[in-house]
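All residue numbers for the sequence shown refer to the UniProt record's numbering, where the first residue is 1 and numbers rise by one.
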Amino acid sequence: MDLYVTPISPACNAVLLLAKALKLNLNVKLVDLMAGDTKTPEFLKMNPQHSVPTLNDSGFCLWESRAIMTYLVNKYGSRDDPLYPKDPKPKAVVESRLFFDATTLYPAFAKCYYPVLFYGQNKINEKDLEDAKNVFEIFDTFLEHTEYAGGDTFSVADITLIVTVTVFQLCHFDVHAYKRISLWFNKVKEICPGYKDILLKNADVPPFYSTHKQINEKDPEDAKNVFEIFDTFLEHTEYAGGDTFSVADITLIVTVTVFQLCHFDVHAYKRISLWFNKVKEICPGYKDILRKIRCKMGIDLYYVPGSAPCRAVLLAAKAVGVDLNLKYTDLMKGEHLTPEYIKYPVIFAGASYDPAKLTKCEEAMKFFDTFLANSEYAAGNDLTLADLTLAATVSTYEVMDFDLTPYKNVTKWFAKVKQNAPGYEEVNGKNVLIFKQLVDSLTKK
Ligand SMILES: N[C@@H](CCC(=O)N[C@@H](CS)C(=O)NCC(=O)O)C(=O)O
């Protein structure tokens with residue numbers, strides 16, 4: 001089994017650590033990114049996204065470090081390997097931490113340090129550093145009730161997270177300022193097989209992160225290149241994740257729809273276009289199925305009536321017929337900040353108004369207006385979840401006195417959604433005014 005890696009890459013090191021934990025003998029193949037080793041026709045055939053790590057298990061090629069890690073445990077781990085539990089709930093917690101690393105913690109690292117490491121900036125942006133600190137605060141709370149990142153035992157979540165925390169530390173971020181992270185870090189460093197002989201050996205050699213060395217890299221790939229890559233995924237399979245419709249199609253169609261909403265020509269990619277049209281046909285049944293299933297168990301929604309994302313969820317729940325157990329959360333009393341509640345960063349207070357951002361709002365509304373020129377609703381000629389979430393946002397613009405009249409298509413669309421979205425007035429119309437009152441009371445202070 002071949003694993004293509006670049007030693008300094010955090011993603012590669014995470015897979016190497018996992019292989020060590022599983023006592024797997026991988027045929028490690030070093031590649032030089034700067035020399036274009038991942039852009040050769042042979043490599044692109046294995047992985048059109050030309051990234052490392054890439055695994056080739058007897059012709060089965062896989063990339064994305066966390067997907068490689070879970071695959072390896074599933075295939076080569078013991079039957080009930082705690083590295084990646086089989087039981088749905090503990091498994092979901094481990095996955096939630098894997099996604100936390102992939103979508104929140106590592107991106108916070110990239111935002112903070114990539115400009116200095118790769119793009120010649122000589123100073124870390126203070127705001128990005130603050131954001132990274134907030135993410136560490138959140139991670140710290142995860143460790144309040146469990147010894148390890150994904151539960152009570154050492155798992156793949158600890159491996160991927162310790163690699164990220166290590167690169168933060170190499171860049172002089174004070175990871176020990178967070179009490180529980182500090183304890184966890186010291187413990188996991190001791191028990192994670194290969195931490196010293198793989199990670200510490202590879203992570204910063206030659207000194208790279210710790211010296212903020214400048215590298216002249218090409219600009220990051222733009223969205224079109226990413227679409228080209230996605231298009232090649234569909235060369236040999238009908239669906240995004242293989243020959244059958246899967247969660248991969250669901251998550252990808254949501255992203256592709258948002259691209260389309262922003263006027264990106266998703267149909268310029270032959271295979272994506274075919275896939276998109278096909279999956280759109282399959283997905284409408286989803287709504288009906290949800291209706292039939294109707295959750296027997298109560299679903300709690302902690303919410304604030306005035307908040308746009310909360311209203312979007314309320315509208316969506318009405319539309320698919322799901323009953324929610326509403327739990328009003330008083331932000332002013334700090335109910336969202338109590339130790340038993342806090343799960344998400346709620347950045348609500350203290351923001352100062354930036355008039356320059358108004359231009360961005362106008363641009364966004366113009367995009368939306370252009371998009372609506374060719375369709376009745378946001379994602380075609382039927383009312384969809386996209387309209388519900390957009391209506392929650394547009395109504396927030398409206399109560400903030402943003403002038404919608406120049407956007408003729410938006411105005412027309414908005415009137416239609418107000419009329420046709422189930423429960424619009426009850427769950428959004430009334431509640432957006434509460435948001436308005438809240439803003440008024442705060443700005444009067
Ligand atoms: N999310 C990916 C990240 C992979 C990644 O960005 N790899 C970098 C090295 S750290 C790479 O291969 N860059 C070269 C390229 O994308 O062309 C993973 O976890 O595997």
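No residue lacks a Cβ here, since even glycine has one placed at the ideal position from N, Cα and C.
Item                                                                                                      : Value
Bridge partner(s) assigned by DSSP for W63                                                                : T54
Among F43, L18, A21, the one whose alpha carbon lies nearest that of K29                                  : F43
Own chain residues within Cβ distance below 7 Å of L324, not counting five before or after                : I299, L301, A317
Status (buried if at least 16 other CB within 10 Å, exposed otherwise) for D401                           : exposed
W184 Cβ short of 7 Å to ligand 1 heavy atom set                                                           : no
Supposed close pair P82, T153 - CB separation, criterion 8 Å                                              : 4 Å
V410: CB within 7 Å of a non-hydrogen atom of ligand 1                                                    : no
Residues near L16 by beta carbon distance below 6 Å, same chain, minus five either side                   : I198
When F109, F139, T146 are compared against L129, the one with the closest alpha-carbon                    : F109
Residue burial classification, Y119 (beta-carbon count within 10 angstroms, cutoff 16)                    : exposed
Where residue 446 sits in the DSSP three-state scheme                                                     : Any question about residue 446 goes unanswered here, given that the chain covers just 1 to 445.
Span of the alpha helix (DSSP H), counted from its first residue to its last, around residue 519          : Within the shown structure, residues of the chain are numbered from 1 to 445, placing residue 519 beyond reach of any answer.
Spatial distance of V279 from K75 (CA atoms)                                                              : 29 Å
Reference K418, options L3, H267, L388, G151, closest by Cα                                               : L388
For P309 and E426, the rounded distance between their alpha carbons                                       : 16 Å
R79, buried or exposed, once every other Cβ within 10 Å from all chains shown has been counted against 16 : exposed
Chain-ordered residues, beta carbon under 7 Å from a heavy atom of ligand 1                               : T6, S9, P10, A11, C12, L33, T38, Q49, H50, S51, V52, P53, W63, E64, S65, R66, A102
Cβ neighbour criterion (16 or more within 10 Å) applied to L72                                            : buried
Separation of Y114 from P10, as counted between CA atoms                                                  : 13 Å
Own chain residues within Cβ distance below 6 Å of T232, not counting five before or after                : P48
Option nearest F185 by Cα separation, candidates T164, R311, A203                                         : T164
Integer Cβ distance of S375 from N428, believed to fall under 8 Å                                         : Wrong, their Cβ atoms sit about 22 Å apart, outside the cutoff.
Contact set for K287: own chain, Cβ-Cβ below 7 Å, skip 5 residues either direction                        : Residue placement at K287 cannot be trusted, given a pLDDT of 49 that sits under 50; what the coordinates show is reported in the next sentence. Result list for K287: V320, in chain order.
Nearest neighbour of L33, chosen from K20, N25, S58, V5 [CA to CA]                                        : V5
Contact belief for A421 with A391 at Cβ below 8 Å, rounded distance in angstroms                          : 6 Å
With 16 other Cβ atoms within 10 Å as the buried cut-off, status of N13                                   : buried
Cβ neighbour criterion (16 or more within 10 Å) applied to I181                                           : buried
Proximal residues to I229 (C-beta, below 7 Å), its chain only, five neighbours per side dropped           : P48, Q49
Where C361 falls, given that 16 or more other Cβ within 10 Å makes a residue buried                       : exposed
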